[in-house]
Amino acid sequence: VKIRIYVRSVSCVIKKKQQEVVGFLEANKIDFQQMDIAGDEDNRKWMRENVPGEKKPQNGIPLPPQIFNEERYCGDFESFFSAKEENIIYSFLGLAPPPGTKVGTAVLPRETYILFS
Numbered sequence: 001v002k003i004r005i006y007v008r009s010v011s012c013v014i015k016k017k018q019q020e021v022v023g024f025l026e027a028n029k030i031d032f033q034q035m036d037i038a039g040d041e042d043n044r045k046w047m048r049e050n051v052p053g054e055k056k057p058q059n060g061i062p063l064p065p066q067i068f069n070e071e072r073y074c075g076d077f078e079s080f081f082s083a084k085e086e087n088i089i090y091s092f093l094g095l096a097p098p099p100g101t102k103v104g105t106a107v108l109p110r111e112t113y114i115l116f117s
């Protein structure tokens with residue numbers, strides 16, 4: 001399973017959120033790949049089209065980071081942060097926890113993508 005993170009150099013607030021997600025995934029040895037949505041229109045379009053309507057802001061353009069497990073939407077940064085704090089991050093990402101980890105899971109046979117701007 002691979003996590004994909006869609007990134008872009010943007011505001012300090014968004015960049016800090018991106019770095020927090022990346023740092024957490026690296027520290028926990030969760031595979032991921034960063035994908036640049038600033039330089040790749042297809043990635044940007046895919047992210048915008050696949051965030052559920054109720055999760056989009058009034059202007060219709062979701063801000064990064066947006067997290068996916070293949071086509072399954074996991075959530076935004078606030079959802080990620082809450083899952084991390086509640087120790088349910090593997091379930092949030094749809095991944096099996098490492099052996100010996102005592103957390104709930106919702107394992108999906110998919111790749112996980114994290115979309116950043």
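The sequence shown begins at 1 in UniProt numbering and counts up by one.
Just so you know, even glycine gets a beta-carbon here, dropped at the ideal spot from N, CA and C.
Range of the contiguous alpha helix (DSSP H) that encloses residue i
i      : result
Arg-48 : 41-50
Gly-23 : 12-27
Ile-89 : 89-93
Which of helix, strand or coil DSSP assigns to residue i
i       : result
Leu-108 : Its pLDDT being 40, under 50, Leu-108 is placed unreliably by the model, and nothing is read from it.
Ile-3   : strand
Thr-101 : coil
Gly-75  : strand
Strand pairing of residue i, partner residues [DSSP]
i      : result
Ile-30 : Paired residues: none, contrary to the question.
Distance, residue j Cα to residue i Cα
i      : j      : result
Leu-95 : Asn-59 : 32 Å
Asp-36 : Ile-3  : 14 Å
Ser-91 : Asn-69 : 11 Å
Asn-50 : Asn-43 : 11 Å
Gly-53 : Cys-74 : 14 Å
Pro-98 : Ile-89 : 12 Å
Lys-85 : Lys-45 : Reading off the sequence shown, one finds Glu at residue 85, where the question assumed Lys. Near 30 Å, if we compare the C-alpha coordinates of Lys-45 and Glu-85.
Member of the options whose CA lies at the smallest distance from the CA of residue i
i      : options                           : result
Val-13 : Ala-38, Leu-63, Gly-23 and Met-47 : Leu-63
Lys-15 : Arg-48, Gln-66, Ala-27 and Lys-45 : Gln-66
Val-22 : Asn-87, Phe-81 and Glu-86         : Phe-81
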